[in-house]
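Peer 1: Here it is, the structure, as structure tokens.
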Amino acid sequence: MSYSPSSPAPGAGLHELLPPLTVHEAAVESARCLMCFDAPCTHACPTHIDIPKFIKKISTGNLLGSARTILESNLLGATCARVCPVQELCEGACVLGSEHKPIAIGRLQRHAMDYVYGKKIDIFRPAKSTGKKVAVVGAGPAGLSCAGELAKLGHAVTLYERRELAGGLSTYGIIVLREPIEVALAEVAMVQRLGVRIETGREVGADPTVTELQQNFDAVFLSVGLGNTPQLGIPGEEYILDGLQYIEGSKLQPSQLRIGRNVIVIGAGNTAVDCATIARRLGAERVTMLYRRTENEMTAYPHEYDFVKREGVTFWFLAQPVKVHHENGVVQALECVRISLGEPDSSGRPSPRPIPGSTMIFPADQIVKAIGQHKPSLTSILNLRTERGFIEVNDAFETSSPGIFAGGDCIRTRGSASTVMAVQDGKLAARSIHQRLVNHG
Ligand SMILES: Cc1cc2nc3c(=O)[nH]c(=O)nc-3n(C[C@H](O)[C@H](O)[C@H](O)COP(=O)(O)OP(=O)(O)OC[C@H]3O[C@@H](n4cnc5c(N)ncnc54)[C@H](O)[C@@H]3O)c2cc1C
Ligand code: SF4
């Protein structure tokens with residue numbers, strides 16, 4: 000599927016928030032860059048895109064060369080141009096940020112990417128076949144990056160994806176305001192044109208089995224992401240909507256997504272912010288995010304927190320849900336207890352302690368939970384060594400089972416997971432797998 004800079008998103012009422020830069024705006028913005036030596040923005044980018052180089056090429060009108068510079072480091076440059084938390088990464092490190100406005104690196108990157116995708120230009124071609132076969136499990140950013148890089152090196156890659164569409168959370172989880180679905184699917188198509196065979200509707204573990212993969216391929220890369228939203232374990236939970244499904248509905252079937260008038264979103268991470276944003280943008284009169292700790296512990300990026308407050312979303316901190324009140328399944332309210340914070344728990348954050356007798360009732364006609372994701376599920380089938388439920392890998396991205404590599408959210412034991420980190424894992428794992436296949440036959 001192709002996208003063009005002006006293609007509207009499918010979600011009714013939801014469109015990409017930032018408009019593309021015009022040619023003039025891109026020229027002016029790129030001319031502001033100081034082309035720093037040993038540029039801090041490049042260091043801050045997890046995929047280490049040579050940022051001054053690609054910006055310089057934009058300033059001289061060489062958009063094709065600019066796109067090549069980006070894609071050499073980051074095969075999913077169109078997605079990352081849109082979804083990267085640039086305030087925390089490249090733009091946050093830009094030397095102009097302290098006294099002036101940082102360079103709009105993300106939007107310039109998007110300008111170059113829109114050019115090549117709009118003109119249907121493929122930058123890379125697959126290399127001569129090595130005769131080696133690699134299976135990649137999971138077609139999110141980590142899997143697509145790994146598969147594409149391996150195909151560029153001449154390996155025959157089959158990518159198994161259990162969902163109907165490839166793209167992982169870029170397709171199903173990142174809100175249209177940030178990334179329209181066409182952009183994710185255009186990158187999937189680009190990886191297919193590199194020669195990667197993508198088999199959707201195939202869940203590894205069931206069909207094919209892991210043993211079949213090990214028998215039929217020279218190496219396996221696991222990029223299965225994380226699982227579903229965990230249970231809160233409270234009465235009436237069956238009437239709470241799952242935040243990931245809420246976002247998915249807003250992307251794939253927006254006309255069928257029911258939005259309440261008075262919505263409570265449980266959680267205070269980036270996914271919760273996204274759910275609250277959707278509810279507001281699609282017509283909820285009142286949206287409240289409810290969190291059992293305080294704003295000091297919330298995991299949403301500061302710029303996301305500021306954004307959602309500007310959207311008119313309000314917050315209840317130090318409140319923990321205990322029961323959903325409903326009439327015949329129609330949600331009426333969320334019962335909570337007040338919390339006091341105690342000693343740090345295993346997450347390093349202060350542990351929430353319910354205050355006895357402090358019940359509070361919050362009226363609501365829709366409740367959405369966005370409280371994280373379960374750990375990867377294939378781990379137990381494969382009997383892999385794990386750390387806090389995440390797959391353990393060595394510096395070469397190899398798991399405790401030789402020949403099985405892993406990357407992306409499923410190995411992210413620390414720090415907040417992001418698309419660009421998954422892309423980098425996929426790229427580095429592809430290099431390790433290539434070395435193994437070339438050196439050890
Ligand atoms: C709601 C939400 C919003 C986000 N917003 C942003 C953002 O704005 N910016 C940002 O940088 N990051 C964001 N993230 C994080 C980012 O999406 C992830 O870090 C990134 O997608 C991880 O890529 P991945 O390839 O590891 O996993 P995923 O994208 O989760 O892909 C894993 C894939 O594996 C498939 N799979 C799983 N098990 C199997 C199996 N057994 N067989 C076959 N296929 C399988 C899944 O169906 C899925 O397609 C967001 C995350 C969420 C949940
Ligand atoms: S730090 Fe800022 S000014 Fe320097 S090269 Fe990077 S984008 Fe340009």
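Sequential numbering of the sequence shown, starting at 0, is according to numbering that gives the first Met the number 0. We treat Cβ as the ideally placed atom computed from N, Cα and C, and that holds for glycine.
Smallest Cα separation from Asp37: which of Gln86, Ala92, Ala267 and Cys145?
Peer 2: If you number the sequence shown from 1, residue 37 lands on position 38. Minimum Cα distance to Asp37 is reached at Ala92.
Peer 1: Nearest to Val419 by alpha carbon, out of Cys44, Glu24 and Cys35?
Peer 2: As a first step, residue 419 must be located in the sequence shown, where it is residue number 420. That would be Cys44, whose Cα lies nearest to the Cα of Val419.
Peer 1: Could you give the uninterrupted runs of the beta strand (DSSP E) lying entirely in the region 382–425, keeping only those of 3 residues or more?
Peer 2: Counting whole runs of 3 or more residues, the region 382–425 contains the beta strand (DSSP E) stretches 403–405.
Peer 1: On the CB-based measure, 16 or more other CB atoms within 10 Å of its CB, does Ala205 come out buried or exposed?
Peer 2: As a first step, residue 205 is located in the sequence shown; it is residue number 206 there, counting from the start. The residue is exposed, with fewer than 16 neighbouring Cβ atoms inside 10 Å.
Peer 1: What do you get for Ile120, buried or exposed, if any count of 16 or more other CB atoms within 10 angstroms of its CB means buried?
Peer 2: Indexing the sequence shown from 1 puts residue 120 at position 121. When all chains shown are included, Ile120 counts as exposed.
Peer 1: Should Gly425 go down as buried or exposed, given a rule of 16 or more other Cβ atoms within 10 Å for buried?
Peer 2: Residue numbering aside, residue 425 sits at position 426 when the sequence shown is read from its first letter. Classification for Gly425: buried.
Peer 1: Return the Cβ separation of Cys40 and Ile104 in integer angstroms, given the expectation that the two are a contact with Cβ distance under 8 Å.
Peer 2: Here residue 40 is taken as the residue at index 41 of the sequence shown, counted from 1. Here residue 104 is taken as the residue at index 105 of the sequence shown, counted from 1. The pair is a contact, with the Cβ atoms about 6 Å apart (cut-off 8 Å).
Peer 1: If you compare alpha carbons, which of Glu303, Ile366 and Glu342 is closest to Val85?
Peer 2: Counted from its first residue, the sequence shown places residue 85 at position 86. Answer by Cα proximity: Glu303.
Peer 1: Express the C-alpha separation of Ile57 and Ala25 in angstroms, rounding to a whole number.
Peer 2: Counting from one through the sequence shown, the residue named residue 25 turns up at place 26. Counting from one through the sequence shown, the residue named residue 57 turns up at place 58. Each residue's alpha carbon lies about 7 Å from the other.
Peer 1: For ligand 2, any of its heavy atoms closer than 7 Å to the Cβ of Ala103?
Peer 2: Residue numbering aside, residue 103 sits at position 104 when the sequence shown is read from its first letter. Answer for Ala103: no, Cβ out of range of ligand 2.
Peer 1: Rounding to the nearest angstrom, what Cα-Cα distance links Ala8 and Thr270 in this structure?
Peer 2: Along the sequence shown, one-based indexing puts residue 8 at 9. Along the sequence shown, one-based indexing puts residue 270 at 271. Caution is warranted here: a pLDDT of 41 is assigned to Ala8, below 50, making its placement in the model unreliable, and no coordinate value can be reported.
Peer 1: Do you know offhand how far Ile390's Cα is from Gly402's?
Peer 2: As a first step, residue 390 must be located in the sequence shown, where it is residue number 391. As a first step, residue 402 must be located in the sequence shown, where it is residue number 403. Roughly 14 Å separates the two Cα atoms.
Peer 1: Report the rounded CA-to-CA distance for Leu152 versus Leu193, giving the unit in angstroms.
Peer 2: Along the sequence shown, read from residue 1 onward, the residue named residue 152 stands at position 153. Along the sequence shown, read from residue 1 onward, the residue named residue 193 stands at position 194. C-alpha separation (whole angstroms): 10 Å.
Peer 1: Below 7 Å, is the gap between the Cβ of Leu95 and the nearest heavy atom of ligand 2?
Peer 2: In the sequence shown, the residue the question calls residue 95 occupies position 96. Correct: Leu95 has its Cβ closer than 7 Å to ligand 2.
Peer 1: I believe Ile197 touches Glu160 by the beta-carbon criterion, under 8 Å. Please report the beta-carbon distance rounded to the nearest angstrom.
Peer 2: Counting from one through the sequence shown, the residue named residue 197 turns up at place 198. Counting from one through the sequence shown, the residue named residue 160 turns up at place 161. Between Glu160 and Ile197 the Cβ distance is about 6 Å, and since that is below 8 Å, they are a contact.
Peer 1: Do you know whose CA, among Glu148, Arg81, Ser97 and Tyr114, lies nearest Ser169's CA?
Peer 2: The residue labelled residue 169 in the question sits at position 170 within the sequence shown. Ser169 has its Cα closest to that of Arg81, out of Glu148, Arg81, Ser97 and Tyr114.
Peer 1: Going by beta-carbon coordinates alone, are Glu236 and Gln230 separated by less than 8 Å?
Peer 2: Within the sequence shown, numbered from 1, the residue matching residue 236 stands at position 237. Within the sequence shown, numbered from 1, the residue matching residue 230 stands at position 231. Result yes, Cβ atoms of Glu236 and Gln230 sit closer than 8 Å.
Peer 1: Confirm the yes/no value for this check: CB of Thr418, any heavy atom of ligand 1, distance under 7 Å.
Peer 2: As a first step, residue 418 must be located in the sequence shown, where it is residue number 419. Because some heavy atom of ligand 1 lies under 7 Å away, the Cβ of Thr418 counts as near it: yes.
Peer 1: Out of curiosity, what's the CA-to-CA distance linking Ala416 and Pro234?
Peer 2: Numbered from 1 along the sequence shown, position 417 holds the residue referred to as residue 416. Numbered from 1 along the sequence shown, position 235 holds the residue referred to as residue 234. Distance between the alpha carbons of Ala416 and Pro234 is about 31 Å.
Peer 1: What's the gap between the Cα of Leu164 and the Cα of Arg285?
Peer 2: In the sequence shown, residue 164 corresponds to position 165, counting from 1. In the sequence shown, residue 285 corresponds to position 286, counting from 1. Distance between the alpha carbons of Leu164 and Arg285 is about 33 Å.
Peer 1: Keeping to the same chain, check which residues put their C-beta closer than 6 Å to that of Leu70; ignore five residues upstream and five downstream.
Peer 2: For the purposes of this step, residue 70 is taken as residue 71 along the sequence shown, with counting starting at 1. Once the five neighbours on either side are set aside, the close Cβ partners of Leu70 are Gly76 and Ile122.
Peer 1: Enumerate, from N- to C-terminal direction, the unbroken beta strand (DSSP E) stretches of 3 or more residues contained entirely within the region 105–183.
Peer 2: Entirely contained in the region 105–183, the beta strand (DSSP E) runs reaching 3 residues are, in chain order, 132–136 and 155–160.
Peer 1: Secondary structure at Pro351, three-state DSSP: helix, strand or coil?
Peer 2: Stepping through the sequence shown from its first residue, residue 351 is reached at position 352. Pro351: strand per DSSP, three-state reduction.
Peer 1: For the alpha helix (DSSP H) containing Ser58, name the first residue and the last one.
Peer 2: Residue 58 sits at position 59 when you count from the first residue of the sequence shown. Residues Ile50 to Ser58.
Peer 1: Rounding to the nearest angstrom, what Cα-Cα distance links Gly10 and Ile174 in this structure?
Peer 2: Reading the sequence shown from its first residue, position 11 is the one you call residue 10. Reading the sequence shown from its first residue, position 175 is the one you call residue 174. Residue placement at Gly10 is flagged as unreliable, the pLDDT there being 42, under the threshold of 50; the coordinate-derived value follows with that caveat. Going by the C-alpha atoms only, they are around 10 Å apart.
Peer 1: Starting from Gly266, trace the alpha helix (DSSP H) both ways and give me its first and last residue.
Peer 2: To locate residue 266, count along the sequence shown from 1; it is residue 267. Element bounds for Gly266: n/a, residue is neither H nor E.
Peer 1: For a quick check, are the C-beta atoms of Val336 and Val330 less than 8 Å apart?
Peer 2: Counting from one through the sequence shown, the residue named residue 336 turns up at place 337. Counting from one through the sequence shown, the residue named residue 330 turns up at place 331. Cβ atoms of Val336 and Val330: not closer than 8 Å.
Peer 1: Which of the three DSSP states, helix, strand or coil, is assigned to Cys335?
Peer 2: The residue you call residue 335 lines up with position 336 of the sequence shown. Note: Cys335 maps to strand in three-state DSSP.
Peer 1: Spatial neighbours of Cys32 within its chain, please: C-beta separation below 7 Å, excluding the five flanking residues on both sides.
Peer 2: Residue numbering aside, residue 32 sits at position 33 when the sequence shown is read from its first letter. If we look at Cys32 and ignore the five residues flanking it on each side, its Cβ neighbours are Pro51, Ile54 and Ile102.
Peer 1: Determine the contact status of Asp49 and Thr78, defining contact as a CB-CB distance below 8 Å.
Peer 2: Looking up residue 49 in the sequence shown gives position 50. Looking up residue 78 in the sequence shown gives position 79. It is not a contact, given that the beta carbons lie outside the stated cut-off.
Peer 1: Check Met297 in the structure and name its three-state DSSP category.
Peer 2: In the sequence shown, counting from the first residue as 1, residue 297 sits at position 298. The answer is coil: DSSP assigns Met297 none of H, G, I, E or B.
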